[in-house]
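Enquirer: So the sequence lines, in the order shown, correspond to chains H and E. Numbering of the first sequence is given in my numbering, commencing with residue 264 and proceeding in unit increments. Numbering of the second sequence is given in my numbering, commencing with residue 302 and proceeding in unit increments. All C-beta atoms in this analysis are idealised placements derived from N, C-alpha and C, irrespective of residue type, glycine included.
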Amino acid sequence: MKRRTLLATGAGAAMAAALGLPARAQDKTKVGFIYVGPINDGGWTQHHHHSAMEMVHHFGDAVDFVYQENVPEGPDAERAITQMALGGADIIFTTSFGFMDPTINVAANFPDVKFEHATGYKQADNVSVYSARFYEGRAIQGTLAGRITKSNKVGYIASVPIPEVIRGINSAYLHAKKVNPDVEFKVIWIFEWLNPAKEADAAKALIEQGCDVVLQHTDSTAPHQAAKEAGGVYTFGQAADMAEYGPMPRISSIIDNWSPYYIERVQAVIDGTWGSVNTWDGIGAGMVGIGEISDAVPAEAKAEAEAMRDAIAAGTYHPFTGPINKQDGSAWLAEGEIANDGDLAGMFFFVEGIEGDIPS
Amino acid sequence: MDINPILLLAALMVASTPILLAAIGELVVERSGVLNLGVEGMMIVGAVCGYIAGHSSGNPYLGFVGAAAAGAALSLIFAVLTQFLLTNQVATGLGLTMFGLGLSSLIGQGAKGSPDLTVSKLHIPLLADIPVVGPILFQHDVMVYLSVAIVAGVWAFLKYSRAGLILRAVGENHDAAHALGYNVRAVRVLAIMFGGACAGLAGAYISLVRVPQWIDGITAGAGWIALAIVVFASWKPWRLIAGAYLFGGVTVLQLNLQAEGLKIPVEYLSMAPYLATIVVLVMIRAGRAPASLGKSFHPST
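1) Whose Cβ in chain E lies nearer than 7 Å to the Cβ of Trp452 of chain H?
2) Under DSSP, the beta strand (DSSP E) around Arg513 of chain H begins and ends at which residues?
3) Could you tell me the alpha carbon to alpha carbon distance between Val376 of chain H and Tyr384 of chain H, rounded to whole angstroms?
4) Residues bridged to His380 of chain H by DSSP?
5) Specify the secondary structure class of Thr388 of chain E as computed by DSSP and reduced to three states.
6) Can you find a CB in chain E that lies within less than 8 Å of the CB of Thr412 of chain H?
7) If we ignore side chains and look at the alpha-carbon of each, how far apart do Gly509 of chain H and Phe583 of chain H end up?
8) Identify which residue in E:Pro306, E:Val490, E:Asp303 and E:Leu336 has its Cα closest to the Cα of Ala529 of chain E.
9) For chain E, is any of its Cβ atoms less than 8 Å away from the one on Pro624 of chain H?
10) Can you check which of these residues, H:Ala576, H:Ala564 and H:Gly619, is closest to Asp591 of chain H by C-alpha distance?
11) Name, please, each residue of chain E whose Cβ falls closer than 9 Å to the Cβ of Glu427 of chain H.
12) When you check each C-beta in the region 565 to 595 of chain H against every C-beta of chain C, which residues fall closer than 8 Å?
13) Establish whether the CB of Ala281 of chain H and some CB of chain E are separated by less than 8 Å.
14) Counting C-beta neighbours from all protein chains within 10 Å, is the total for His424 of chain E 16 or more, i.e. buried, or is it exposed?
15) Got a sec: which bits of the region 527 to 560 of chain H sit with their beta carbon under 7 Å from any beta carbon on chain E, in order along the chain?
16) Should Ala435 of chain H and Ala463 of chain H be called a contact, given that it needs their Cβ atoms to be closer than 8 Å?
17) Beta-carbon of Asp517 of chain E versus every beta-carbon of chain H: anything under 8 Å?
18) Select from H:Val294, H:Pro335 and H:Lys416 the residue whose C-alpha is nearest the C-alpha of Met316 of chain H.
19) Nearest-angstrom Cα distance between Ile449 of chain E and Arg396 of chain H?
20) Compare the C-beta of Phe611 of chain H against all C-beta atoms of chain E and say whether one is closer than 8 Å.
21) Give me the Cα-Cα distance between Leu309 of chain E and Val553 of chain E, rounded to the nearest whole angstrom.
22) In chain order, what residues of the same chain have a beta carbon less than 8 Å from the beta carbon of Ile307 of chain E, not counting five sequence neighbours either side?
23) Of all Cβ atoms in chain E, is any one closer than 8 Å to the Cβ of Glu492 of chain H?
24) Gly367 of chain E and Ala498 of chain E - do their beta-carbons sit closer together than 8 Å?
25) Quick check: Gln440 of chain E and Ala429 of chain E, are their CB atoms within less than 8 Å of each other?
26) To the nearest angstrom, how far is the alpha carbon of Ala348 of chain H from that of Thr366 of chain H?
27) Tell me which residues of the region 298 to 319 of chain H have at least one Cβ-Cβ distance to chain E shorter than 8 Å, keeping chain order.
28) Find the residues of chain H that neighbour Ser606 of chain E, judging by a C-beta separation of less than 8 Å, and give them in chain order.
29) Unbroken alpha helix (DSSP H) runs of length 4 or more, entirely within the region 492 to 536 of chain E: which are they?
In structure tokens, the structure reads:
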């Protein structure tokens, strides 16, 4: 008898808890994040999470925060996003290029849920896209690389062949070439955003072939470790500052600062003013941060890079300003012409001077 | 041409070591008649435990000890399930891999390390100074030599020792071995634990030497390659070295060829290591697998 009473009480309490929770959750805005990697990858995903946490701190109790890490790009992403939408999320941020189609597909089934897809180009009534002009940061890295290299060989660990990555290579190459006409780029594609073992092997291969500057568009700090062990090799932090590897080998970085955007968009949901937008901000708006240039860089080169950063932020200089030819020698931009956003968004060619083909 | 063949061959040995370590452990397990598909899971748990043990103690070698212990402990779960509860080995092994991947992610939450912990490279006196051969063979960290030493040890153990003969007997015909009075289950549990320890070392080599960092999913399928290489080697220890170095070699070579700007589509270069493994698997006359491989054993039968 007693045991039965206990059970009944327990069940009642569980029922109350189950019923009570949603009632309390209703006044909160539920914000969901889908991450492609683990939140401790040291780079891309970690910084999205970091920015998301800043957003959460900003709103405090007004938001309910959920996230799912290590979501593979592809069909499984659709399941993860659907699950989050079914779980009552009001706005879902999907933070990798490969989540583009899954996000669009799921969004069609949940017209009342707002979606925000990072680095893609497909919009819908309830899907916004946002990205950062990382190529602005690449221009600064290219300038530093061109100035600092002694072997005139710059390595580039490229991830997945999409316009964002290609823009970065082109921008870095153009600016390295501008300050050092003898510079040569060696590009290795690893076809993944995050694979520390492969990134380390790629960095070692580049260093063994004489590169003394290694740029990366992959998410882990493995290339820095390889550079540190080799000695005399310069690297740049990617997505996160990676300051723990400074002042050598890491001499600067591109920092993704998503928190102002996240705060703005979640605020819009709370206010009921959310609309589908296409945001592409750079250094000027603070979405792309340039990490402290370390003392391993000669003062002149540092000043030159900082001047370029300020010019880009002020809007007086655009990294893709003509004359620029495509790899095959055909003209792309005439003297003084500035690339339009459409061309940049769909960029799928190397500029003149880069060796090798883009994998298709 | 910027590829330096000496550095390439030296890099090859480092890239191959984790596969070789994991494969030699699995070889012993399979020679005792057990198929453990959980290599990947044991490797990654070894990777995270080795990383934490190494960085918290400040001594990378303690990290390797911790990794071996963690790998062996995880393999003990597999041993109990398959040897005493007679579960299906394939399903249990796959389960172990998934369990290991999740467990490592859990253990690794917030694992912090310092970039300064490194395993120093040996500079073997005299030998290291030989031109060409010295930098290729004699300037590695101790784990590279240990992996080769383990292979040699396993070879001698299986070929010349009485215990090795018993292990092979258990793998070939567990009923006959049982009838002769050997404790089949004890032999297999020990073999499984050896396999787990080797997989743990392999994982720690990735997280302490090759990358060296801890990040979720760091082994990235190396355990599966190790399984393939055991078949490739037709269960013979020395051939294992050839298989592991071939795979590691093609992996390193394809990155170098890419950096060289070779006019071969990158996709072909990327698939080359896997393709090479499959081609060789098909071409060599596959050796005979241990006759009792993958079969459950109960002393009553």
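Expert: Reading off the structure:
1) Position 189 of the first sequence, counted from the first residue, corresponds to residue 452 of chain H. Those within 7 Å of Trp452 of chain H in chain E are Gln559 and Val567.
2) For this step, residue 513 of chain H is matched to residue 250 along the first sequence. For Arg513 of chain H, the uninterrupted beta strand (DSSP E) run begins and ends at Arg513 to Asp519, by DSSP.
3) Numbered from 1 along the first sequence, position 113 holds the residue referred to as residue 376 of chain H. Numbered from 1 along the first sequence, position 121 holds the residue referred to as residue 384 of chain H. Using only the alpha carbons, I get a separation of about 19 Å.
4) Here residue 380 of chain H is taken as the residue at index 117 of the first sequence, counted from 1. DSSP lists H:Thr357 and H:Val392 as partners of His380 of chain H.
5) Here residue 388 of chain E refers to the residue found at position 87 of the second sequence. Three-state DSSP puts Thr388 of chain E in coil, outside helix and strand.
6) As a position in the first sequence, residue 412 of chain H is number 149, starting the count at 1. Thr412 of chain H does not count as touching chain E.
7) Locating residue 509 of chain H in the first sequence gives position 246, where the first residue counts as 1. Locating residue 583 of chain H in the first sequence gives position 320, where the first residue counts as 1. Per the coordinates, the alpha-carbon of Gly509 of chain H lies some 29 Å from the alpha-carbon of Phe583 of chain H.
8) Mapped onto the second sequence, residue 529 of chain E falls at position 228. The shortest C-alpha separation from Ala529 of chain E is found at E:Leu336.
9) As shown, chain H starts at 264 and ends at 623. That puts residue 624 of chain H outside it, with no answer to give.
10) Position 328 of the first sequence, counted from the start, is the residue given in the question as residue 591 of chain H. Nearest of H:Ala576, H:Ala564 and H:Gly619 to Asp591 of chain H, Cα basis: H:Gly619.
11) Counting from one through the first sequence, the residue named residue 427 of chain H turns up at place 164. In chain order: nothing, as chain E lies at least about 18 Å away.
12) Any reference to chain C falls outside this structure, whose protein chains are H and E.
13) Position 18 of the first sequence, counted from the start, is the residue given in the question as residue 281 of chain H. Any reading at Ala281 of chain H must be qualified, since the residue scores a pLDDT of 45, below 50, and its modelled position is unreliable; no value is offered.
14) For this step, residue 424 of chain E is matched to residue 123 along the second sequence. His424 of chain E comes out exposed.
15) none
16) By 1-based counting over the first sequence, the position of residue 435 of chain H is 172. By 1-based counting over the first sequence, the position of residue 463 of chain H is 200. Not a contact, by the Cβ cut-off of 8 Å.
17) Residue numbering aside, residue 517 of chain E sits at position 216 when the second sequence is read from its first letter. Closer than 8 Å: yes.
18) Working through the first sequence from its first residue, we reach residue 316 of chain H at position 53. Checked all of H:Val294, H:Pro335 and H:Lys416; the closest Cα to Met316 of chain H is H:Val294.
19) One-based indexing of the second sequence puts residue 449 of chain E at position 148. One-based indexing of the first sequence puts residue 396 of chain H at position 133. According to the sequence shown, residue 449 of chain E is Val rather than Ile. Approximately 49 Å between the Cα atoms of the pair.
20) Position 348 of the first sequence, counted from the start, is the residue given in the question as residue 611 of chain H. It does not: the Cβ of Phe611 of chain H has no partner Cβ on chain E nearer than 8 Å.
21) As a first step, residue 309 of chain E must be located in the second sequence, where it is residue number 8. As a first step, residue 553 of chain E must be located in the second sequence, where it is residue number 252. So the alpha carbons of these two residues sit roughly 7 Å apart.
22) Start at 1 with the first residue of the second sequence, and residue 307 of chain E comes out as number 6. Contacts found: Val433, Pro436 and Ile437.
23) Translated into the one-based positions of the first sequence, residue 492 of chain H becomes position 229. By this cut-off, Glu492 of chain H is an interface position.
24) On the second sequence, residue 498 of chain E is found 197 positions in, with the first residue counted as 1. On the second sequence, residue 367 of chain E is found 66 positions in, with the first residue counted as 1. Result no, Cβ atoms of Ala498 of chain E and Gly367 of chain E do not sit closer than 8 Å.
25) Counted from its first residue, the second sequence places residue 440 of chain E at position 139. Counted from its first residue, the second sequence places residue 429 of chain E at position 128. Yes, Cβ-Cβ distance for Gln440 of chain E and Ala429 of chain E is below 8 Å.
26) Sequence index remark: in the first sequence, residue 348 of chain H carries index 85 (1-based). Sequence index remark: in the first sequence, residue 366 of chain H carries index 103 (1-based). If you take the alpha carbons of Ala348 of chain H and Thr366 of chain H, they lie about 11 Å apart.
27) Gly300, Pro301, Asn303, Asp304 and Gly305
28) Here chain E has residues from 302 to 602 only, and residue 606 of chain E is not among them.
29) 523 to 533
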